[in-house]
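Participant: Chains as they are written, first to last, in the numbering used here: chain A, -5 to 319; chain B, 781 to 1117.
In this text, a Cβ means the ideal position worked out from N, Cα and C, and glycines have one as well.
Note that the structure is predicted; figures quoted are calculated from it, not measured.
Pasting in a structure now, in structure tokens, and then I'll have a few things to ask.
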Amino acid sequence: MAEPTLEIHDLSIGVGPHNVVDGVDFDIGRGEIVALVGESGSGKSLTALSIMGLLSGSVRQTGGTATLAGNALDLDNDHAMRKLRGTALSMIFQEPVASLNPLLSVGAQVSESLVVHGRASRAEAWDRAVEMLREVGIPAPEQRARQFPSELSGGMCQRVMIASALIAEPRLLIADEPTTALDVTIQAQILDLMRRLRDETDTSVLIITHDMGVVASVADRVCVMYGGRIVEQAEVHELFSAPRHPYTKLLLATIPRLTGERKSELFSISGMVPDVASWPEGCRFRTRCPLATDRCATRPPLEAAGAGEGHLAACWHSDKVEDLA
Amino acid sequence: MSAPLLSVRGLKVHFPVATGRLFAEKPVVRAVDGVDFDLAEGETLGIVGESGCGKSTTGNAILGLAPVTEGEILFDGRDVAGLTGRDRQALWRDLQVVFQDPVSALDPKRTIAQSIAEPLEIHGVARASRKARVDELMELVGLRATQRDRYPNELSGGQRQRVVIARALALEPRVVICDEAVSALDVSIQSQVLNLLLRLQRDLGLSYLFISHDLSVVRHIADRIAVMYLGTVAEEAPTDELFRRPLHPYTEALLAAVPLPDPVAERAKTARPLQGDVPNPMDMPPGCPFAARCPLREEGCDQIRPQPIEVGPGHRLACHVREREITGSSALDRQGT
């Protein structure tokens, strides 16, 4: 494979005395869509924010490295990261309406990164913005560019966010729960758009989500996070058909489906997602895991498991996961 | 079937919109615009639809939290629309609600036991029997007795929702309206709460009006489903029938849009996603509210409002084009042109 767009090695992020992200490794190839999936508190959003250099206050990177297209990222250096945000790196968020400036026209916001980084004059940037709005499927973009976010629906605002994220042709787009706040028919449109743009522009995408349906719909590869660590990583079809970490397997089993038995007892994972202060030693899932043994008090390495290339799992008992549930 | 416990007939909830102009006629948002359904004892009716379809407003109107502009809400045969004061309070004994966000539903300064006891207190249950009832309710929803004196911020989201459910059940209601009751919970917790709701229904004979945007969840829990679009019921059917034979083009689009947690099935989808946005509810066409986005639209659809017709046992549908396919004619053919 050619050089990956993004390489994350041993990334840790601390809040106070705790590492809420604890030694995370993954990479994203050119034009690849990687999903980071997990429940609240798994560390998936902080991982994304750190790659953008957007950690602040008491939340800081405590270890690890990030490389973008072969160049090391100095995540703590705000000045250096600022130059990359809106050029090589872009991000879209869950709440498109809250993420846009209500006092700036849509056209001004989409063209902003070109103007700020001195890559085009205001007039050129405006024309590019109108083109970009057309590309993300906004009807009558010339008129829409002159409107304000309050005049657009939530789905349209997310298209505007995507247009402004992609106008500078970033190498990596980070999408944090990009469709969670949207209605399901609008979500389908946005997922469709993300796939199409990836095919057309070869942009690499890191999508952060809790929704296994969204993962199945757009991701090429999946990293499952639990308790601040990646517990499993696999190609998307293999992850769904032959998961090798008990958490992944059980998570997939708990989701109500559109087919199958109704009103039956749903499978559920006992206990709750533990708070960072009460994460157990060793494997963090072991307190809820039906396969746990004494051995699990030692942290299992993320290592090859399963048949597919690049399928990794952090579990001492990954060979027994198949028989679970 | 016996008489329904809860019946909604021709329900309309219209909200005036402030324009800032003093003498101008105020436009109205027709949040709910003619909704009918029944809920039988021990049954779950799911109401699904996207934001702005009026599903929550329908629930709020039943609860007396939104003004009823027109129509009847019959509880056990009695019209309860517009009840206030003492009469409304008495109704809480039979009719309760669980909302989406357990954080804002609980008073941060009350302990778990105090929150659960509150309805008992208001309805004059003696202090002595309250404690026993609270313990019983906590056990019923799977909370530990040691959590009695905890405060909401010491609990996880799933546990807080259990507290809200316990409180809703304190007065032994017959109907519980669940408005996005599991939507804010993590996936692994969501299935625990769904299991709890199903068990409580079996044990206590509760009826649920289960309002949600999540079709997979509603399919799992509901006996029948009403699909709403812009204040009207587009289609209503027994759950299996709706998924096997969706007839309204909006139902079809909605089912097709749900991302399936299965990459093979998901990537085999060929249907193009439904285009366009939900129109502005202040600027609605007189006809079918779905006409502007409908792939089956014919001339006249946006002018004549389709009336629901029965197309099978418990299966109702409001669509001119499908009505003609099934019955041979529709209101479109009868227009005076």
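Measuring only between beta-carbons, confirm whether residue 266 (chain A) sits less than 7 Å from chain B.
Facilitator: By this cut-off, residue 266 (chain A) is an interface position.
Participant: Give the straight-line distance between the Cα atoms of residue 983 (chain B) and residue 998 (chain B), rounded to the nearest whole angstrom.
Facilitator: So the two alpha carbons sit approximately 20 Å from each other.
Participant: Going along the chain, which residues of the stretch 31 to 62 of chain A sit with their C-beta nearer than 7 Å to a C-beta in chain B?
Facilitator: So the list reads 33, 34, given in the order they occur along the chain.
Participant: What's the gap between the Cα of residue 1117 (chain B) and the Cα of residue 823 (chain B)?
Facilitator: With a pLDDT of 49 at residue 1117 (chain B), under the threshold of 50, the predicted position of this residue should be treated as unreliable, and no value is reported.
Participant: Would you mind stating whether residue 184 (chain A) and residue 141 (chain A) have Cβ atoms separated by less than 7 Å?
Facilitator: Contact: no.
Participant: May I have a chain-ordered list of the beta strand (DSSP E) segments no shorter than 3 residues that lie completely inside the stretch 173 to 242 of chain A?
Facilitator: Qualifying beta strand (DSSP E) stretches, in chain order: 198 to 203, 215 to 220, 223 to 229.
Participant: Which residues in chain A have a C-beta closer than 9 Å to the C-beta of residue 855 (chain B)? List them in chain order.
Facilitator: Neighbours of residue 855 (chain B) on chain A: none; closest Cβ ~25 Å, over 9 Å.
Participant: Is there a C-beta anywhere in chain B that falls below 7 Å from the one on residue 259 (chain A)?
Facilitator: Interface residue, yes.
Participant: Should residue 1022 (chain B) and residue 1005 (chain B) be called a contact, given that it needs their Cβ atoms to be closer than 7 Å?
Facilitator: Yes, these two residues count as a Cβ contact at 7 Å.
Participant: Where DSSP assigns a beta bridge to residue 792 (chain B), which residues make up the other side?
Facilitator: B:813, B:850.
Participant: Are any of the Cβ atoms in chain B nearer than 7 Å to that of residue 210 (chain A)?
Facilitator: At least one chain B Cβ lies under 7 Å of residue 210 (chain A).
Participant: Okay, do the stretch 941 to 958 of chain B and the stretch 880 to 899 of chain B touch, 3+ Cβ pairs below 8 Å being the bar?
Facilitator: The answer is yes - the stretch 880 to 899 of chain B touches the stretch 941 to 958 of chain B, with three or more Cβ pairs under 8 Å.
Participant: Just to confirm my understanding: we take residue 796 (chain B), look at its own chain, exclude 5 residues before and 5 after, and list those with CB closer than 6 Å. What are they?
Facilitator: Cβ neighbours of residue 796 (chain B) beyond the five flanking positions: 806, 808.
Participant: For residue 816 (chain B), decide whether its Cβ has a neighbour in chain A, counting only Cβ atoms nearer than 7 Å.
Facilitator: Closer than 7 Å: no.
Participant: So the candidates are A:317, A:292, A:303; which of them puts its Cα closest to the Cα of residue 309 (chain A)?
Facilitator: Taking only the C-alpha atoms, the option nearest residue 309 (chain A) is A:292.
Participant: When you compare the CB of residue 972 (chain B) with every CB in chain A, is at least one pair closer than 7 Å?
Facilitator: So yes, residue 972 (chain B) belongs to the interface.
Participant: Under a three-way DSSP split, which group does residue 9 (chain A) fall into?
Facilitator: The answer is strand: DSSP assigns residue 9 (chain A) an E or B state.
Participant: Does DSSP put residue 946 (chain B) in a helix, in a strand, or in coil?
Facilitator: Note: residue 946 (chain B) maps to helix in three-state DSSP.
Participant: Check whether the Cβ of residue 80 (chain A) lies closer than 7 Å to any Cβ atom in chain B.
Facilitator: Taking Cβ atoms only, chain B never reaches closer than 7 Å to residue 80 (chain A), which makes this a no.
Participant: Residues of chain D with CB closer than 8 Å to the CB of residue 204 (chain A), please, in chain order.
Facilitator: Of the chains in the structure shown, none is chain D; the protein chains are A and B.
Participant: Are the Cβ atoms of residue 914 (chain B) and residue 846 (chain B) separated by less than 7 Å?
Facilitator: Cβ atoms of residue 914 (chain B) and residue 846 (chain B): not closer than 7 Å.
Participant: Start and end of the beta strand (DSSP E) containing residue 1070 (chain B)?
Facilitator: Run containing residue 1070 (chain B): none; DSSP gives neither H nor E here.
Participant: Identify the continuous beta strand (DSSP E) that holds residue 59 (chain A) and give its terminal residues.
Facilitator: Segment 53 to 62, the beta strand (DSSP E) holding residue 59 (chain A).
Participant: So what does DSSP say about residue 902 (chain B), is it helix, strand or coil?
Facilitator: Residue 902 (chain B) falls in the helix class under three-state DSSP.
Participant: If you run the structure through DSSP and keep just helix, strand and coil, what is residue 1058 (chain B)?
Facilitator: Note: residue 1058 (chain B) maps to coil in three-state DSSP.
Participant: Distance cutoff 7 Å, beta carbons only. Does residue 178 (chain A) sit that close to anything in chain B?
Facilitator: With 7 Å as the cut-off, residue 178 (chain A) counts as an interface residue toward chain B.
Participant: If we count the other Cβ atoms within 10 Å of its Cβ and call it buried at 16 or more, is residue 876 (chain B) buried or exposed?
Facilitator: So residue 876 (chain B) counts as buried.
Participant: Output the boundary residues of the alpha helix (DSSP H) element that contains residue 152 (chain A).
Facilitator: Residues 148 to 160.
Participant: Would you list the residues sitting across from residue 1097 (chain B) in a DSSP beta bridge?
Facilitator: Note: residue 1097 (chain B) sits in a beta bridge opposite B:1015, B:1089.
Participant: Within the continuous beta strand (DSSP E) that includes residue 83 (chain A), where are the two ends?
Facilitator: It spans 83 to 86 - the beta strand (DSSP E) in which residue 83 (chain A) sits, taken as one unbroken run.
Participant: Could you give the residue range of the alpha helix (DSSP H) that holds residue 975 (chain B)?
Facilitator: That run of the alpha helix (DSSP H) goes 967 to 984.
Participant: Closer than 6 Å by C-beta to residue 67 (chain A): which residues in its own chain qualify, once you throw out the five before and the five after it? Chain order, please.
Facilitator: 60, listed in sequence order.
Participant: Using the rule of at least 16 other Cβ atoms within 10 Å of the residue's Cβ for burial, across every protein chain shown, is residue 902 (chain B) buried or exposed?
Facilitator: So residue 902 (chain B) counts as exposed.
Participant: Rank A:145, A:27, A:12, A:25 by C-alpha distance to the C-alpha of residue 37 (chain A) and give the top, closest one.
Facilitator: Ranking the options by Cα distance to residue 37 (chain A), first place goes to A:12.
Participant: Starting from residue 864 (chain B), follow the alpha helix (DSSP H) in both directions and report where the run begins and ends.
Facilitator: It is not in any alpha helix (DSSP H) - residue 864 (chain B) carries neither H nor E in the DSSP assignment.
Participant: Less than 7 Å separating the beta-carbons of residue 1010 (chain B) and residue 1038 (chain B)?
Facilitator: No, Cβ-Cβ distance for residue 1010 (chain B) and residue 1038 (chain B) is not below 7 Å.
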